[in-house]
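For what it's worth, the numbering used here labels the leading residue of the first sequence as 1, then goes sequentially.
Data block below; observations after.
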Amino acid sequence: MKDAVAGLFEQALDQLISQGIIDAADRKPVQIENTRDPAHGDLATNVAMMHAKAAKMAPRTLAELVLEQLPQSDSVQSTEIAGPGFINIRLAKGAAFEPVIRCLTEHHQFGFHQATNERVQVEFVSANPTGPLHVGHGRGAAYGATLVNLLKARGHQVEAEYYVNDAGRQMNILAVSVFIRYLEHTGESVVFPSAGYQGDYISELGATLFQHAGNSLQVSYDALLAGVPNDSEETKDTHIDGLIQNTKESLGDDWLKPFDLALTAILDDIKDDLSEFGADFDEWFSEKSLVTSGEIDQAIATLEERGHLYEQGGAIWFRSTDFGDDKDRVVRRDNGETTYFASDIAYIANKFSRGFDRIIYVWGADHHGYIVRIKAAAQALGFDPERLTIRLVQFAILYKDGERLQMSTRSGSFVTLRELRDDVGRDACRYFYVMRKADQHLDFDLSLATSQSKDNPVYYIQYAHARICRVFEGLEGQPFDEQRGLDHLTSLVTQEELDLATAIGRFPEVVSKAAASLEAHVICYYLQDLAADFHRWYNGTRLLVDDMDVRDARLALAKAVQTVIRNGLDLLGVSSPRSM
RNA sequence: GCGCCUGUAGCUCAACCGGAUAGAGCAACGGCCUUCUAAGCCGUAGGUUGCAGGUUCGAUUCCUGCCAGGCGUGCCA
1 MKDAVAGLFE QALDQLISQG IIDAADRKPV QIENTRDPAH GDLATNVAMM
51 HAKAAKMAPR TLAELVLEQL PQSDSVQSTE IAGPGFINIR LAKGAAFEPV
101 IRCLTEHHQF GFHQATNERV QVEFVSANPT GPLHVGHGRG AAYGATLVNL
151 LKARGHQVEA EYYVNDAGRQ MNILAVSVFI RYLEHTGESV VFPSAGYQGD
201 YISELGATLF QHAGNSLQVS YDALLAGVPN DSEETKDTHI DGLIQNTKES
251 LGDDWLKPFD LALTAILDDI KDDLSEFGAD FDEWFSEKSL VTSGEIDQAI
301 ATLEERGHLY EQGGAIWFRS TDFGDDKDRV VRRDNGETTY FASDIAYIAN
351 KFSRGFDRII YVWGADHHGY IVRIKAAAQA LGFDPERLTI RLVQFAILYK
401 DGERLQMSTR SGSFVTLREL RDDVGRDACR YFYVMRKADQ HLDFDLSLAT
451 SQSKDNPVYY IQYAHARICR VFEGLEGQPF DEQRGLDHLT SLVTQEELDL
501 ATAIGRFPEV VSKAAASLEA HVICYYLQDL AADFHRWYNG TRLLVDDMDV
551 RDARLALAKA VQTVIRNGLD LLGVSSPRSM
């Protein structure tokens, strides 16, 4: 509807330009807005104000000329000039309920847009597979999954990807942690390194390894400590690195046994966790594959060819300062190992090589320092950094009964995502995680999320859906005739009914805007408003009246509301219960 | 120190690429259930949009400075 009206004003602008009143070079696109105040009509545009300066005319004077050139249309009932030069538009009565017809026609597709050829990749969560996901990862999972749904709704071809950090030092620490727990089962007396992973799951994996391998991997712990610094606050990192080195040498190929056991078990757990959370991935991309395929060396070679590398102090540096970074970054250390950043560079190159038109990263906010360098890398490799979008997700702070919950990953006493889901349920989790702008701190009130009260926005919205379902179950002998309902939409006359129809009509543009700006939270606000509009109407108007024409018109409106709520909640990964 | 983000009602947050009188929920106060789910609805009260300038017909929105808070700033991953 907005687009149609905008088209009329574009035609008017064409006329004014051909008349020489406005110079073609000064033309700006017509903006049509929803009015906030019903007294201003249904839609409004600021074209006159936007072009007043170029036309050397007072905005209201120009507005009159615009209206003189405005083509006739069945959908526009009246126009008026108001305020500093707004043109307010009142839509024809029949047009008001057009969204209801469209919604009931399109059903599950209502709010969704035509398919495009644009291929988008969204990479999210990508937590190191060194332990179960915790509540901090949950928000990235919920946000990323919703983003995928939104972009699909907007017609894009979307692929969800998880980058598995299965190479690098953290994985070695994980493997050696499991191996030391294993040694305990073989009767070795060990002192667990303070930089190792502490959680119970590490002990369980050690036990599992013992079940599989028995004593076949047993080595003397004293031998592993040979030449390794003491485990003190200052040397704990070199301590565990020494342990890793000695363990690798002592085990040889068997090193992969604790390594793969831990990786597989933890990654499987993460996959199950995310699947139960409704976050589905098309691709689990292995960092290790970048090493074995030679893509890391290839990426470094490409940067070398393009003249973006130099050597200093035995290390190879990427001159990222050429692309706005505040310092250059090491890609290959003096010991010959490539850095984590080198993997990132190869990964970017890999993503672009797969032909995505747009690549979106969802990162925890603690990674914001990496944005510049990753964009620098993309540019240095010759890719358009505009095709690369990085969205940050701030941490969620959990509260319970007004108390802030502390979590510490070090001690292993963190709250896992699974625990959170068990506690508050998937629906509340998904909703609460995305109800605020992603790049802002989120206060996650567990008490509220678990409460079955009107204060809980999830229940508030779901309740509206359930109420509608129950109405349809109460029809008894006289089934709903949708066509009769649509034929008598004119019997919907109250302000509440007009508001609902307007709200339904806004859904497609809300979805489109949410997808375009990558802001999932607007869906939450929209659904809360829609549910409020519905509850208000429902409270004051009986739907099941004797007059079948009126009844079915109201049921048609109710069904449209139900459809929009379900489509909206689907986008969020929240269920739409039929009864509560 | 430098960089990024954030300051809106007592609290948690909105405000549609700059629009008309800045909106919701919670908390406070007062009402509505013999009728489709009261897990609901209606009403009242609550504001110098951190401060000071600037750009504009118009600024919560854009720019500059200051104040306050958060995060980041390794040949770590």
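Beta carbons: idealized from backbone N, C-alpha and C, even for Gly.
Just so you know, these numbers come straight off a predicted model, no measurement behind them.
CB-CB under 7 Å to K56, same chain, minus the five flanking residues each way: which ones, in chain order?
Counted from its first residue, the first sequence places residue 56 at position 56. The answer is none, since no qualifying residue turns up.
Cβ shell of Y347 (< 7 Å), same chain only, five flanking positions each side left out
One-based indexing of the first sequence puts residue 347 at position 347. The answer, listed in chain order, is Y163, L290.
Burial state of P479, where buried means 16 or more other Cβ atoms lie within 10 Å:
Locating residue 479 in the first sequence gives position 479, where the first residue counts as 1. Exposed: under 16 other Cβ atoms inside 10 Å.
Starting from A82, follow its DSSP beta bridges and name the residues at the other end.
Your numbering for residue 82 matches position 82 in the first sequence. According to DSSP, which records beta bridges pairwise, A82 is partnered with F86.
Secondary structure of S286, DSSP reduced to three states
Position 286 of the first sequence, counted from the first residue, corresponds to residue 286. Three-state result, S286: strand.
Where R373 falls, given that 16 or more other Cβ within 10 Å makes a residue buried:
For the purposes of this step, residue 373 is taken as the residue at position 373 of the first sequence. So R373 counts as buried.
Sort out for me which residues DSSP pairs F318 with in a bridge.
Here residue 318 is taken as the residue at index 318 of the first sequence, counted from 1. Answer is L309, R329.
Boundaries of the beta strand (DSSP E) in which R358 is found, first to last residue:
On the first sequence, residue 358 is found 358 positions in, with the first residue counted as 1. Element bounds for R358: 358 to 364.
What are the start and end residues of each continuous alpha helix (DSSP H) run of 4 or more residues lying completely inside the region 538 to 575, in chain order?
548 to 572
Residues that DSSP places opposite R237 in a beta bridge
Walking along the first sequence from the start, residue 237 turns up at place 237. Per the sequence shown, the amino acid found at residue 237 is Asp instead of Arg. Looking at the DSSP assignment, D237 forms no beta bridge with any residue, so it has no partner.
Are there 16 or more other CB atoms within 10 angstroms of the CB of A556, so buried, or fewer, so exposed?
Position 556 of the first sequence, counting from 1, holds the residue named residue 556. Buried, because 16 or more other Cβ atoms sit within 10 Å of the Cβ of A556.
Quick one: what does DSSP say V415 is sitting in, helix, strand or coil?
As a first step, residue 415 is located in the first sequence; it is residue number 415 there, counting from the start. Correct three-state label for V415: coil.
Do the region 455 to 473 and the region 525 to 543 touch if we need at least three Cβ pairs shorter than 8 Å?
yes
Residue nearest to D357 in terms of C-alpha spacing, selected from R119, H367, N230, H212
Within the first sequence, numbered from 1, the residue matching residue 357 stands at position 357. Out of R119, H367, N230, H212, R119 has the C-alpha closest to the C-alpha of D357.
What do you get for V545, buried or exposed, if any count of 16 or more other CB atoms within 10 angstroms of its CB means buried?
Position 545 of the first sequence, counting from 1, holds the residue named residue 545. Burial call: exposed.
Given 8 Å, three or more beta-carbon pairs between the region 91 to 102 and the region 475 to 494:
yes
How should Q562 be labelled, buried or exposed, when 16 other C-beta atoms within 10 angstroms of its C-beta is the threshold for buried?
For the purposes of this step, residue 562 is taken as the residue at position 562 of the first sequence. Buried, because 16 or more other Cβ atoms sit within 10 Å of the Cβ of Q562.
Who are Y163's beta bridge partners in DSSP?
The residue labelled residue 163 in the question sits at position 163 within the first sequence. The partner list for Y163 (beta bridge, DSSP) reads F285.
V158, DSSP secondary structure in three states
The count along the first sequence starts at 1 and reaches residue 158 at position 158. V158: strand per DSSP, three-state reduction.
From this set, R566, F277, A558, which residue's C-alpha is nearest Q109's C-alpha?
Here residue 109 is taken as the residue at index 109 of the first sequence, counted from 1. Of R566, F277, A558, the residue nearest in Cα terms is R566.
At which residues does the beta strand (DSSP E) containing R470 begin and terminate?
The residue labelled residue 470 in the question sits at position 470 within the first sequence. Here R470 belongs to no beta strand (DSSP E); instead the alpha helix (DSSP H) covers 457 to 473.
Rounded Cβ spacing between S343 and A167 (contact assumed at less than 8 Å):
Stepping through the first sequence from its first residue, residue 343 is reached at position 343. Stepping through the first sequence from its first residue, residue 167 is reached at position 167. About 7 Å; that satisfies the 8 Å criterion.
So, helix, strand or coil for D253, using DSSP?
Locating residue 253 in the first sequence gives position 253, where the first residue counts as 1. Helix.
The alpha helix (DSSP H) that contains I492, what's its start and end?
On the first sequence, residue 492 is found 492 positions in, with the first residue counted as 1. Residue 492 is actually Leu in this sequence, not Ile. Unbroken run through L492: none, as it is neither H nor E.
Starting from I345, trace the alpha helix (DSSP H) in both directions and tell me its first and last residue.
Locating residue 345 in the first sequence gives position 345, counting from the first residue. Taken as a continuous stretch (DSSP letters only), the alpha helix (DSSP H) holding I345 covers 340 to 353.
With distances taken from CA atoms, which of A262, Q245, K271 is nearest L141?
Position 141 of the first sequence, counting from 1, holds the residue named residue 141. Looking at the sequence itself, residue 141 is Ala, so the reference to Leu does not match. Comparing Cα positions, the closest option is K271.
What span of residues does the beta strand (DSSP E) with I22 cover, start to end?
Taking the first sequence and counting its residues from 1, the one referred to as residue 22 is at position 22. Run containing I22: none; DSSP gives neither H nor E here.
Can you pull the DSSP bridge partners for S445?
In the first sequence, the residue the question calls residue 445 occupies position 445. Going by the sequence as given, residue 445 is Asp instead of Ser. The partner list for D445 (beta bridge, DSSP) reads Y399.
How many Å lie between R410 and Q114 at the Cα?
Working through the first sequence from its first residue, we reach residue 410 at position 410. Working through the first sequence from its first residue, we reach residue 114 at position 114. Reliability fails at R410, whose pLDDT of 45 lies under 50, so the model's placement of it is uncertain and the value that follows must be treated cautiously. Each residue's alpha carbon lies about 48 Å from the other.
Start and end of the beta strand (DSSP E) containing E386?
Working through the first sequence from its first residue, we reach residue 386 at position 386. Unbroken run through E386: none, as it is neither H nor E.
Candidates L217, Y197, A175, of which the one nearest G187 by Cα
Here residue 187 refers to the residue found at position 187 when the first sequence is read from its first residue. Looking at the Cα atoms, L217 is the closest of the given residues.
Stretch pair the region 251 to 261 + the region 207 to 215: three plus CB contacts closer than 8 Å:
yes
Measure the C-alpha to C-alpha separation of T541 and H535 and round it to an integer number of angstroms.
Counted from its first residue, the first sequence places residue 541 at position 541. Counted from its first residue, the first sequence places residue 535 at position 535. Approximately 10 Å between the Cα atoms of the pair.
From G412 to H521, what distance separates their C-alpha atoms?
Taking the first sequence and counting its residues from 1, the one referred to as residue 412 is at position 412. Taking the first sequence and counting its residues from 1, the one referred to as residue 521 is at position 521. Because the pLDDT of G412 is 46, which lies under 50, any placement of that residue in the model is unreliable, and the number read from its coordinates should be weighed accordingly. If I take the Cα positions, the gap works out to 31 Å.
Quick check on the DSSP output: the beta strand (DSSP E) that includes R119 runs from which residue to which?
Position 119 of the first sequence, counted from the start, is the residue given in the question as residue 119. Looking at the DSSP string, the run of the beta strand (DSSP E) that includes R119 is 119 to 123.
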